[in-house]
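Protein chains in written order, with this note's numbering: chain A, 1 to 637; chain B, 1 to 261.
The C-beta atom is built at its ideal place from N, Cα and C for all residues, glycine as well.
Predicted, not measured: the structure shown is a model, and the values here were computed from it.
See below for the structure under consideration.
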Amino acid sequence: MILDAKIPDGPIAEKWEKHKFNVKLVNPANKRKYDIIIVGSGLAGASAAATLAELGYNVKVFCFQDSARRAHSIAAQGGINAAKNYQNDGDSVYRLFYDTVKGGDYRAREANVYRLAQVSVNIIDQCVAQGVPFAREYGGLLANRSFGGAQVSRTFYARGQTGQQLLLGAYSALNRQIAYGKVQMFPRTEMLDLVMVDGKARGIVTRHLVTGHIESHSAHAVVLATGGYGNVFYLSTNAMGSNTTAIWRAYKKGAFFGNPCFTQIHPTCIPVSGEYQSKLTLMSESLRNDGRVWVPKAKGDKRVPRDIPEAERDYFLERKYPAFGNLVPRDVASRNAKLACDEGRGVGSTGLAVYLDFADAIKRDGLDKVSQKYGNLFEMYAKITGEDPYQSPMRIYPAVHYTMGGLWVDYNLMTTIPGLYAAGEANFSDHGANRLGASALMQGLADGYFVLPYTIGDYLAQNPGPKISTDHPAFKESETNVRATIQKLLSINGTKTVDEFHKELGLLMWDYCGMARNAEGLQFAKDKIKALREEFWRNVKLYGENEDMNQTIEKAGRVADFLELGELMVTDALHRNESCGGHFREEYQTPENEALRDDTNFAYVAAWEYTGPNSEARLNKEPLEFENVKLTQRSYK
Amino acid sequence: MAGNNPNSTPMNLTLKVWRQKNAKTQGQLVTYNVKEISPDMSFLEMFDVLNEDLLRQGQEPVAFDHDCREGICGMCSMYINGRAHGPEKGTTTCQLHMRKFKDGDTIVVEPWRANAFTVHKDLSTDRSALDRIQQAGGYVSVNTGGVPDANEIPIPKPIADKAFDAATCIQCGACVAACKNASAMLFLSAKVSQLALLPQGKVERKTRVENMLAQHDAEGFGSCTNIGACAAECPVGISLDNIAMLNREYISAKATSDNIG
């Protein structure tokens, strides 16, 4: 099936304006008749909820954390891009659009990306009006820095905690609507099923994580803003609770899943230190503004870094990519770190790390300046590793960070299920095969503040159906299924814990569907995942009962879904016989080891359709047309 | 990283952990032994090891709150050896590493204890009162759209920096747990200061401080007696100066308010 993305006609710069004029409006008095469910309270969810409530809709927001403010957007460090051109360095909406399409290795939808660049400027205005304390210059105006994949300084930041400050802005707007009674907040509540009536998304079934209570909620439209699925790898920079359950259960109800194999491996993370490791910690990409990445020139050089003379160091990113240097996009930086380690030139006790060195920056700018910019990140590094990065270089290694794939959405951010929307990292839409740094926050807030409020109105204005009681058989059936699945998990009483299964799955995904993939490995992983899933349902060990705070139930449900999603990711990676962005198939590379795309055969979004528990997902395609950006081999040299 | 630290010998520890089925039942400290704990583990990873052991033995794992494990989400909340987030200054439980302990140590782990925080289970507590304080006024009343260009609101860097210092609060509740009055004043003052310092927040500064303080008291948090345990235990270094600023804001609001009696 060829998918219609419903992209408005006309020149790219006019599409959004035109579309905003053409969408149908719900008059202010009628808005209060419509109920909207939003799952997830991160940047996309909180901003959408606040804005839709301001407009007059009745909104219910659900999150699994104990407070909306703890959604994982909170952990984003580096910044948010916007085409403000405050630095007068040649930035523009068009340049941000161009950089994002190129950075995504030409696998993103042009019209969406252009709109993202357009509304980026409004986001900064909105956040400042809310009291978000962005970094400022002495003249009182906003400061910027540069990020990977760009040659302009367009990144706004709030020390090393931009995500927290932006989320607190959206959370404050959400709180205001909660106080007004326009938003009803459901913390510690996890969505376990999507409920459909007459082919439309009409509600959800949830489990309360303290009482175990299973409950139904009905609405006229449902938004999934539940983040990414990087935890399928077990170790990632995601929060421990980040999961795929909401979007996966929507997938199983008919929402197509776009480009599941497009995963971002972030180059600058603290390396794995032991078996017990539960998560990986990112060191912000902004560090690459001043830190220099290197490994020893010689294999197996075990000297401490300060004993390795300048001439015996290989600053491989500066050497191979003189134009962008240490600020090449994330996929390029990650792959090159892996290459250096594969050659036996990795550092640290595991040999799976490269240096990120601030000695030159400290010499050039002084310790104070460096500590002002990066102090909190240096502290964090010291806390985790017990080493002082002011004295010796950081050791870093790539780690799973972000998933570009997600539910397929059209230009209106609606999935293939009428009335079901996906926003932020949960959708596949704007980053193609690789996301540029500081663009995730931009997309989350763009979707929530400035896109969904228009497009959901358009849907609601066109008869979304009457209010439905949660006594409707569709809700009862869904509740029964949810309860049965939990009972089944509790009753297995096997010998392996959920974490053991999760670790095994994660290792398979990392080894065969990580930074480099090949057909043989992917096929192997696919069979292994199937076997692991079969074992899970036979041999997993939970504890206790449903009517209780039971964290083994939470984890088991999420890992059960990861065990299915993992297979789909592998299937997607196996079918895409090309390399692009973060999807690097070893069979398809240039002589310089760069990703080799196949635009003739693969310039499309792969949107997978669920066909049943024991049958292969069906591939649907959305052809990508590039009318503005010329398809070229990406070069950062 | 393993092998890079002078003290990388695994440790054996005794844990005394608060176990409580739910808010309606009594709890007690239960003793567990954990073995082969790497000094490079985080405190929560040590709890992961304990929980996996318990589960394998058919016993109930310890419920605890955690999420980002990088010190920013504010979800983790253990009271360790009588201190909120444990012995290391300026550190959340998730960023506390076992190298801060010695082989053979006994570690007592309890939930946050405060009148306004009920125990959900074991080490997990209900901190929704903090959200409700935010809902009482921790915002600038602007709708999406229709705001001025960001650079039309210049803010002197020292003011912006001071507002930022206040805005770093992660709402973990350690200040409440550390306070013998179980007061949430440091938390509350951080939000009040941030918004009172910024031009965007000045418009509503009077009603904000009055409403947030009223909600604070209604939730059952205690009063501030300027002991300073809150600031000493705050993992992100929120300063006691904010409470001074809160008091000034409150008195000036009360003296001049035309909104609330």
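Item to check | First through last residue of the beta strand (DSSP E) which encompasses C269 of chain A | outcome: T263 to C269
Checklist entry - So which of A:N144, A:D125, A:G148 and A:Y157 has the shortest CA-CA distance to V147 of chain B? => result A:D125 is the residue among A:N144, A:D125, A:G148 and A:Y157 whose C-alpha sits nearest the C-alpha of V147 of chain B.
Item to check | Reference Y402 of chain A, options A:E592, A:N238, A:L55 and A:Y421, closest by Cα | outcome: A:N238
Next on the checklist: Residues of chain B with CB closer than 8 angstroms to the CB of D551 of chain A, please, in chain order.
Outcome noted: According to the sequence provided, residue 551 of chain A is Gln. The question's Asp does not apply to it. Per Cβ cutoff of 8 angstroms: P61 and A63.
Checklist entry - Would you call the region 217-227 of chain B and the region 144-163 of chain B touching, i.e. three or more CB-CB distances under 8 angstroms? => result Between the region 217-227 of chain B and the region 144-163 of chain B, the count of Cβ pairs shorter than 8 angstroms is below three; the stretches do not touch.
Checklist entry - Name the DSSP bridge partner or partners of D673 of chain A? => result Residue numbering for chain A in the displayed model covers 1 to 637; residue 673 of chain A lies beyond these limits and cannot be assessed.
Checklist entry - When DSSP labels each residue in this structure, what does A221 of chain A get in the three-state scheme? => result strand
Next on the checklist: For M46 of chain B and S334 of chain A, I'd like the C-alpha separation in whole angstroms.
Outcome noted: 30 angstroms
Checklist entry - Can you name the residues that DSSP bridges to D193 of chain A? => result When beta bridges are read from the DSSP output, D193 of chain A appears opposite A:V205.
Next on the checklist: I'd like to confirm the pairing. Which residues does DSSP put opposite V605 of chain A in its beta bridges?
Outcome noted: Looking at the DSSP output, V605 of chain A sits in a beta bridge with A:E622.
Item to check | First and last residue of the uninterrupted beta strand (DSSP E) at F186 of chain A | outcome: V183 to F186
Checklist entry - In whole angstroms, what is the alpha-carbon distance linking P329 of chain A and S286 of chain A? => result 12 angstroms
Item to check | Coarse secondary structure for F257 of chain A, derived from DSSP in three states | outcome: strand
Item to check | Between the CA atoms of F536 of chain A and A607 of chain A - distance to the nearest angstrom | outcome: 27 angstroms
Item to check | C-beta atoms of P393 of chain A and D357 of chain A nearer than 8 angstroms | outcome: yes
Checklist entry - Taking Cβ positions only, does P154 of chain B come closer than 8 angstroms to chain A? => result yes
Checklist entry - With 16 other CB atoms within 10 Å as the buried threshold, where does R32 of chain A fall? => result By the 10 Å Cβ count, R32 of chain A comes out exposed.
Next on the checklist: Can you pull the chain A neighbours of H216 of chain B, defined as C-beta to C-beta under 8 angstroms?
Outcome noted: Per Cβ cutoff of 8 angstroms: no residues; H216 of chain B is ~15 angstroms from chain A at best.
Item to check | Contact set between the region 63-82 of chain B and chain A, restricted to residues whose Cβ is under 8 angstroms from the partner | outcome: A63, D65, H66, D67, C68, R69, E70, G71, I72, C73, G74 and M75
Checklist entry - What separation, rounded to the nearest whole angstrom, lies between the Cα atoms of R69 of chain A and L213 of chain B? => result 20 angstroms
Checklist entry - Going by C-alpha distance, which of A:E564, A:V332, A:P398 and A:C341 is nearest Q589 of chain A? => result Of the residues A:E564, A:V332, A:P398 and A:C341, the one whose Cα lies closest to the Cα of Q589 of chain A is A:V332.
Checklist entry - Using a C-beta to C-beta distance shorter than 8 angstroms, which residues of chain A count as neighbours of S128 of chain B? => result D66, S67 and P187
Checklist entry - Is the beta carbon of D447 of chain A less than 8 angstroms from the beta carbon of L413 of chain A? => result yes
Checklist entry - From which residue to which residue does the alpha helix (DSSP H) around R538 of chain A run? => result A519 to N539
Checklist entry - Going by beta carbon distance, what residues of the same chain come within less than 7 angstroms of L168 of chain A, once the five residues before and after it are set aside? => result R69
Item to check | Residues near K252 of chain A by beta carbon distance below 8 angstroms, same chain, minus five either side | outcome: Y610
Checklist entry - Which stretch, first to last residue, makes up the beta strand (DSSP E) that contains P398 of chain A? => result Element bounds for P398 of chain A: M394 to T403.
Next on the checklist: So the candidates are A:K24, A:I456 and A:L327; which of them puts its Cα closest to the Cα of L645 of chain A?
Outcome noted: Residue coverage of chain A in this structure runs from 1 to 637, which leaves residue 645 of chain A outside it and unanswerable.
Next on the checklist: Any beta carbon of chain A sitting closer than 8 angstroms to that of G3 of chain B?
Outcome noted: With a pLDDT of 39 at G3 of chain B, under the threshold of 50, the modelled position of that residue is not reliable, and the figure given next carries that caveat. Among the CB atoms of chain A, one or more fall inside 8 angstroms of the CB of G3 of chain B.
Checklist entry - Is the number of C-beta pairs between the region 199-217 of chain A and the region 89-101 of chain A that are closer than 8 angstroms three or more? => result Contact between the region 199-217 of chain A and the region 89-101 of chain A is absent, because fewer than three Cβ pairs lie under 8 angstroms.
Next on the checklist: Any C-beta of chain B within less than 9 angstroms: which residues of the region 111-140 of chain A qualify?
Outcome noted: V121, N122, I124, D125, Q126, C127, V128, A129, Q130, G131, V132, P133, F134, A135, R136, E137, Y138, G139 and G140
Next on the checklist: Quick check: the region 10-18 of chain B against the region 26-33 of chain B, are at least 3 beta-carbon pairs closer than 8 angstroms?
Outcome noted: yes
Checklist entry - Beta-carbon of Q171 of chain B versus every beta-carbon of chain A: anything under 8 angstroms? => result yes
Checklist entry - For the alpha helix (DSSP H) that I456 of chain A lies in, which residues bound it at each end? => result L452 to L460
Next on the checklist: Bridge partners for D499 of chain A per DSSP, in chain order?
Outcome noted: Paired residue(s): none; D499 of chain A is not in a bridge.
Item to check | Residue from A:L596, A:A298, A:G375 and A:S615 whose Cα sits closest to the Cα of R634 of chain A | outcome: A:L596
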